[in-house]
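Enquirer: Residue numbers (the numbering used here), protein chains in the order written: chain A, 42 to 173; chain B, 1368 to 1792.
Note that CB positions come from ideal geometry on N, CA and C, so glycine has one too.
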Amino acid sequence: VLALGSLSLAVVLRLPWAVTLAVLALGTEYGASLFARDEELDLRAPVYAAGLVVLAELAFLLVETRATPAFLTRRLAAVAALALAALGLGVLVVLVAALPRVGGVALGVIGAAAAVAMLALVLGLTRRSGRA
Amino acid sequence: VTRAHSPKLAAYSTLAGLSLLGALVLGRPELVALAAPFVLAVVVGITLARAPEAVLSVSLERRRAVEGEELELVLAAEAGDRAERLELLPLLPSGLEPLWGPGPLGLELRPGEERELRLPFRCRRFGGYRAGDLLLRARGPLALVTCETALDVAQPLKVLPGREHLRRLVAPLETQVFAGSRVARAAGEGIELADVRPYLPGDRVRRVNWRASARRGSLYVSDRHPERNTDVVLFVDTFAEARHAGGAGTLDEAIRAAVALAEAYLAERDRVGLVGFGGVLRWLVPGMGAVQRYRIVDALLDAEVVLSFAWKGIEVVPRRTFPPKALVIALTPLLDGRSVNALLDLRGRGFDLVVVEVSPLPFVPAPRDEEGELARRLWALERETLRYRFERLGVPVVSWSAGTPLGGALEGVRAFRRGARLVRG
């Protein structure tokens, strides 16, 4: 409901932060649904991820730019390519996850480092925008 | 070039980071799959963002325009070796009003393509401007990163005040020695008949009035008034003004009136000079012709109120600026004692002075209570007394405000002069 409301607000009032809120709400909702599930691997995750990124792209496209038809065509093609690549990447991740577990401390550290690096990127960008 | 990230980049990075952390905490690989497309989008968006290569230039349809006129800003863009989608934000000063709608303009260019955009704008207020500075923005793929460049390509533009056509001007009491369009008081060679008098030795035969001579039985000659020009000095008071916040003021109106008067007198082949009397003193020695017209307009466009507490009298103005027998037309709101004293001093020195009071009353807010009403009445009485001081010295003071014809105010000057008598004592 929150995601739907934010998305409607974003489209009507052209508010980019409302799109951000909607995307985060949908992501959180998916994470919560996984928490409630049993241990079984959700094979629909790549489709959900690709759908979410397409939704976000289209919403931002609607909110941020006054697009001409040529630009719209190019941008939609780029979004389609991104969705396909996302689907492929997601399937790859799910396939790797479906393999017998070979994890250990090293893999855990790499995963944690990737997550921290992504958060550091967010913080860096936020600081840069604060200075601008 | 300034690189900035869009809100989308922050949203994608946050979602990806939180998903990866969630995957670690909950031990669910599906969240990694959820983060993957957003990580991919961020990486592609950041690495492929480039500064625009397009070359842009700006020109104006004309370098001079009149207030209220519409002009076009011409933007010429040429793409580099790759296709560009640019966002252009032309920056106009506050006196110029864009007519191309809000927000930046989108421009798509194929490699090597040249394009011209014509952007209309309205000249809302007179002044000297630099129009056409540009903010050029190019978004990277997926619009995650924006490269922005400020281009200093502005062109100078002079917007002249909208002028009123004056049919009749205030005639000076005295004329100068050069030929012009005004009938001089003195007798000489001219067209207008001045007098018929008996012939005196030395009178030219062509001046003999044969009809009067035949009637009277002896020779009579016609005296005529010669056509001469005059010197007019426009005295613009820039010590103080009344102004609406962010809007028009008495100085704007004074400048409009000064431009109208200067053009009208110059068209009559009079010599016109200018004195901007205020915190900054400006002057132009009287001259005639189109060049003088441009000089006066340029000087008026630069006129502004500069706060100053220095006491200035008319003696600071170079003497050549006020030629003998010049007609001085003062455009003043009569708000500053220094200007009032300078004008009284000019009158004391024998100049033919006319005061056009650019009324500050429309710019004064309405009184809110009884005390305010009383204060306003006292102020109006003080101003009335001031006007009476001028009128006692034979100086016509006419009140003029924006929206009323200046010609009507000048008619008031002529009416005053018809019945004016100098009061002594």
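Less than 8 Å between the beta carbons of phenylalanine 1676(B) and phenylalanine 1644(B), yes or no?
Expert: no
Enquirer: Starting from lysine 1525(B), follow the beta strand (DSSP E) in both directions and report where the run begins and ends.
Expert: 1522–1527
Enquirer: Let me know the beta strand (DSSP E) ranges lying completely inside the segment 1464–1506 of chain B, each 3 residues or longer, listed in chain order.
Expert: 1472–1476, 1481–1490, 1494–1498, 1500–1506
Enquirer: Hey, would you say serine 1548(B) sits closer than 8 Å to glutamate 1635(B), going by beta carbons?
Expert: yes
Enquirer: How far does the beta strand (DSSP E) with tryptophan 1767(B) in it extend, from its first residue to its last?
Expert: 1764–1767
Enquirer: Let's test the definition: count the other Cβ atoms within 10 Å of the Cβ of leucine 43(A) and tell me whether it reaches 16, buried, or not, exposed.
Expert: exposed
Enquirer: Taking the C-alpha atoms as reference points, what is the distance between glycine 1715(B) and tyrosine 1632(B)?
Expert: Each residue's alpha carbon lies about 25 Å from the other.
Enquirer: Assign leucine 84(A) to one of two classes, buried (16 or more other C-beta atoms within 10 Å of its C-beta) or exposed (fewer than that).
Expert: exposed
Enquirer: Could you check which residue in Asp1500(B), Leu1438(B), Ala1615(B) has the C-alpha nearest to that of glycine 1770(B)?
Expert: Ala1615(B)
Enquirer: Can you tell which of Leu1728(B), Ala1627(B), Arg1564(B) has the C-alpha that lies nearest to the C-alpha of valine 1433(B)?
Expert: Ala1627(B)
Enquirer: What are the boundary residues of the alpha helix (DSSP H) that arginine 1623(B) is part of?
Expert: 1617–1634
Enquirer: In the DSSP output, which residue or residues are listed as bridge partners for leucine 1458(B)?
Expert: Asp1500(B)
Enquirer: Between the segment 1445–1468 of chain B and chain A, which residues of the former have CB atoms less than 7 Å from a CB of the latter, in chain order?
Expert: Listed by position along the chain: Arg1452.
Enquirer: Given that a residue counts as buried once 16 or more other Cβ atoms are within 10 Å of its Cβ, and exposed if not, what is glutamate 1682(B)?
Expert: Under this definition glutamate 1682(B) is an exposed residue.
Enquirer: Specify, as a first and last residue, the run of the alpha helix (DSSP H) that glutamate 1778(B) falls within.
Expert: 1773–1786
Enquirer: Mapping DSSP to helix, strand and coil, what is leucine 1694(B)?
Expert: strand
Enquirer: Counting only beta-carbon separations shorter than 8 Å, does valine 135(A) have a partner in chain B?
Expert: yes
Enquirer: Would you mind reading off the limits of the alpha helix (DSSP H) that contains aspartate 1712(B)?
Expert: 1704–1715
Enquirer: Does the beta-carbon of threonine 1381(B) have 16 or more other beta-carbons within 10 angstroms, so that it is buried, or is it exposed?
Expert: buried
Enquirer: If you draw a straight line from the C-alpha of glutamate 1397(B) to the C-alpha of alanine 124(A), how long is it?
Expert: Rounded to whole angstroms, the gap between the alpha carbons of glutamate 1397(B) and alanine 124(A) is 17 Å.
Enquirer: Who pairs with histidine 1611(B) in a beta bridge, going by DSSP?
Expert: Bridge partners of histidine 1611(B): none, in fact.
Enquirer: Whose Cβ in chain B lies nearer than 9 Å to the Cβ of alanine 77(A)?
Expert: Neighbours of alanine 77(A) across chain B, judged by C-beta separation under 9 Å, do not exist; the nearest C-beta is about 11 Å away.
Enquirer: Less than 8 Å between CB atoms is the rule here; does alanine 66(A) satisfy it with respect to chain B?
Expert: no
Enquirer: Say whether chain A places a C-beta atom closer than 8 Å to the C-beta of threonine 1381(B).
Expert: yes
Enquirer: For aspartate 1519(B), report the span of its beta strand (DSSP E) as first-last.
Expert: That residue, aspartate 1519(B), is in no beta strand (DSSP E); it is neither H nor E in DSSP.
Enquirer: Consult DSSP for threonine 1542(B) and reduce its assignment to one of helix, strand or coil.
Expert: Of the three classes helix, strand and coil, the one that applies to threonine 1542(B) here is coil, per DSSP.
Enquirer: What separation, rounded to the nearest whole angstrom, lies between the Cα atoms of glycine 1792(B) and alanine 1709(B)?
Expert: Summary for glycine 1792(B): the model assigns pLDDT 46, below 50, so the residue's position carries little reliability, and this model does not support an answer.
Enquirer: Are any of the Cβ atoms in chain B nearer than 8 Å to that of proline 87(A)?
Expert: By this cut-off, proline 87(A) is an interface position.
Enquirer: Tell me whether glycine 171(A) is buried or exposed, calling it buried when 16 or more other Cβ atoms sit within 10 Å of its Cβ.
Expert: Per-residue confidence for glycine 171(A) stands at a pLDDT of 44, beneath the threshold of 50, marking its modelled position as unreliable; the derived number appears in the next sentence. Exposed, because fewer than 16 other Cβ atoms sit within 10 Å of the Cβ of glycine 171(A).
Enquirer: Look up proline 1734(B) in the DSSP assignment and say whether it is helix, strand or coil.
Expert: coil
Enquirer: Kindly give me the distance between the Cβ atoms of glutamate 1724(B) and threonine 1699(B), rounded to whole angstroms, as I take these residues to be in contact under 8 Å.
Expert: 7 Å
Enquirer: For chain A, is any of its Cβ atoms less than 8 Å away from the one on leucine 1393(B)?
Expert: yes
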